[in-house]
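Written below as structure tokens is the structure these notes are about.
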Amino acid sequence: MPRTVPIIFSPRSRPARLSSHARVGLGALALGCLVLLFTAASIRPSPSGVGTHEGLGLRECQFLETTGLPCPSCGMTTSWAWFVRGNLAASFYIQPMGFVLALGAAMTLWGAGYGAVTGRNPAPLLRRLPGKGILLGLLGFAIVAWGWKIFIHLHGLDGWG
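So the number in my numbering is just where the residue sits in the sequence shown, counting from 1, plus 934.
So, in structure tokens, the structure goes:
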């Protein structure tokens, strides 16, 4: 019968380091999230709850102009602009899905930045998140968020500030 060595006497195994390609990829992902968040910080949120993207030189929403109803992404840029300013209530109110996406970008920035700088795999951080059905849940949340945006727009409650 083979004897097993008690775990206290076993040498610790070091976590595998990420390859340089993986670190560069995580660095690029972190940089992309940082660019999105800095872009949101560079524009002033529209007090009307829509149209903040026009500060980036983009045209007004054609769906909103044609139908009188906000499109699924109406208010996203405004929501991000409030998020980066720390007004999380305004960010969530204006466009709940925009808040979730901005939060996801901020979390991804830190996780990917951690992996790029330390060489440690950030995947164990992801295991703490509920995995099954998360995409379906996000899709459902996006539909509810769009419904909320339509509701506040039709009732004249679309703005903040």
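Virtual Cβ for every residue (Gly too), placed ideally from N, Cα, C. Predicted model, so just to flag it, every value in this text is computed and none were measured.
- Query: Which parts of the stretch 957-1025 are runs of the alpha helix (DSSP H), unbroken and 4 residues or longer, counting only runs that do not cross its ends?
  - Reply: Those alpha helix (DSSP H) runs which fall completely within the stretch 957-1025 and span 4+ residues are 996-1001, 1010-1018.
Within 10 Å of its beta-carbon, does G1002 have 16 or more other beta-carbons around it, so buried, or fewer, so exposed? Residue numbering aside, residue 1002 sits at position 68 when the sequence shown is read from its first letter. By the 10 Å Cβ count, G1002 comes out exposed.
- request: Taking A1040 and L963 to be in contact with their CB atoms under 8 Å, please state how far apart those CB atoms are, rounded to whole angstroms.
  value: Numbered from its first residue, the sequence shown carries residue 1040 at position 106. Numbered from its first residue, the sequence shown carries residue 963 at position 29. About 13 Å; that fails the 8 Å criterion.
Whose C-alpha, out of A950, V1018, G1032, is nearest the C-alpha of G1049? What you label residue 1049 is simply residue 115 of the sequence shown in a count that begins at 1. Cα-wise, what sits closest to G1049 is A950.
Taking C-beta to C-beta, are S1025 and S1013 nearer than 8 Å?
-> Taking the first residue of the sequence shown as position 1, residue 1025 is located at position 91. Taking the first residue of the sequence shown as position 1, residue 1013 is located at position 79. The Cβ atoms of S1025 and S1013 lie closer than 8 Å to each other.
What's the call for K1083, buried or exposed, on a 16-neighbour Cβ count within 10 Å? Taking the sequence shown and counting its residues from 1, one reaches residue 1083 at position 149. Buried, because 16 or more other Cβ atoms sit within 10 Å of the Cβ of K1083.
Assuming contact is defined by CB atoms lying nearer than 8 Å, are G1038 and M1010 in contact in what I supplied?
One-based indexing of the sequence shown puts residue 1038 at position 104. One-based indexing of the sequence shown puts residue 1010 at position 76. For the pair G1038 and M1010, the CB atoms are not nearer than the 8 Å cut-off.
#### Entry: Coil, strand or helix - A950 by DSSP
Here residue 950 corresponds to residue number 16 of the sequence shown, with the count starting at 1. Three-state DSSP puts A950 in coil, outside helix and strand.
Query raised in the report: Run through DSSP, which three-state label would L1091 get?
Result: Against the sequence shown, residue 1091 aligns to sequence position 157. Coil.
Practice prompt. May I have the straight-line CA-CA distance separating D1092 from P979, to the nearest angstrom?
Written response: Working through the sequence shown from its first residue, we reach residue 1092 at position 158. Working through the sequence shown from its first residue, we reach residue 979 at position 45. Roughly 12 Å separates the two Cα atoms.
Anyone know if the C-beta pair for P1004 and H1087 falls short of 8 Å?
By one-based count along the sequence shown, residue 1004 stands at place 70. By one-based count along the sequence shown, residue 1087 stands at place 153. Yes, the Cβ-Cβ distance between P1004 and H1087 is below 8 Å.
**Message:** Buried or exposed, going by whether 16 or more other CB atoms sit within 10 Å of the CB of N1036?
**Reply:** Counting from one through the sequence shown, the residue named residue 1036 turns up at place 102. The sequence given here places Ala at residue 1036; Asn does not occur at that position. By the Cβ-count criterion, A1036 is buried, with 16 or more other Cβ atoms from all chains shown falling within 10 Å of its own Cβ.
**Asked** Between H987 and R948, what straight-line distance do the alpha-carbon atoms span, to the nearest angstrom?
**Response** As a working mapping, residue 987 is identified with position 53 in the sequence shown. As a working mapping, residue 948 is identified with position 14 in the sequence shown. So the alpha carbons of these two residues sit roughly 47 Å apart.
- Assigned secondary structure, A1083 (DSSP; H/G/I helix, E/B strand, else coil): Mapped onto the sequence shown, residue 1083 falls at position 149. As written in the sequence, residue 1083 is Lys, which differs from the Ala given in the question. Assignment of K1083 by DSSP, reduced to helix, strand and coil, places it in the helix class.
Outcome for I1077 when other beta-carbon atoms lying within 10 angstroms are tallied against a minimum of 16
Taking the sequence shown and counting its residues from 1, one reaches residue 1077 at position 143. I1077 is exposed by the Cβ-count criterion.
Margin query: Quick check on G1047: does DSSP put it in helix, strand or coil?
Written below: If you number the sequence shown from 1, residue 1047 lands on position 113. Here DSSP, grouped into helix, strand and coil, assigns G1047 to helix.
Next item on the list: Report yes if the CB atom of Y1027 is closer than 8 Å to the CB atom of W1094, and no otherwise.
Entry: Taking the first residue of the sequence shown as 1, we reach residue 1027 at position 93. Taking the first residue of the sequence shown as 1, we reach residue 1094 at position 160. Y1027 places its beta carbon less than 8 Å from that of W1094.
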